Amino acid sequence: MELAKLSRKGQLSIPKRLLKALGVEGEAYFLVELAPEGGLLLRPAGVYPLEVYTEERLQELLAEDILTEEERARLAALAR
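Quick note, our numbering runs 468 ahead of the 1-based positions in the sequence shown.
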């Protein structure tokens with residue numbers, strides 16, 4: 469068990485040993501929830517940028533997503 473410090477601003481310092489064990493480096497996001505027994509549960513959260521596609525970009529992606537005849541034949545052979 470490790471000791472963590474809560475600052476006056478409500479920031480919690482997590483011991484480096486625990487962060488290293490989780491594979492967390494640098495700045496990171498965590499999901500925080502209240503556990504049934506009254507403690508806090510922290511889980512590393514993945515934050516990924518979202519891209520909003522225009523209709524033009526969607527058409528480009530769909531055009532690139534077309535199989536060649538050779539690829540179709542190989543897939544059909546695998547499905548048998």
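By construction, the Cβ of each residue, glycine as well, lies at the ideal position given by its N, Cα and C atoms.
Small disclaimer: the values here were computed from a predicted structure and weren't measured.
Check the C-beta distance from residue i over to residue j and give it rounded, since I have them as a contact under 8 Å.
i	j	result
Leu480	Ala489	Going by Cβ atoms, the distance from Leu480 to Ala489 rounds to 17 Å, so no, they are not a contact pair.
Arg485	Glu501	Going by Cβ atoms, the distance from Arg485 to Glu501 rounds to 23 Å, so no, they are not a contact pair.
Leu510	Ala503	Contact flag wrong, Cβ pair sits at about 10 Å.
From residue i to residue j, what does the alpha carbon distance come to, in whole angstroms?
i	j	result
Ala547	Glu528	28 Å
Ala541	Glu524	30 Å
Leu526	Glu519	11 Å
Asp533	Leu499	35 Å
Pro512	Arg476	23 Å
Tyr555	Gly478	With the chain covering 469 to 548 only, the question about residue 555 has no answer from this structure.
Tyr521	Ala531	14 Å
So, helix, strand or coil for residue i, using DSSP?
i	result
Ala513	strand
Glu537	helix
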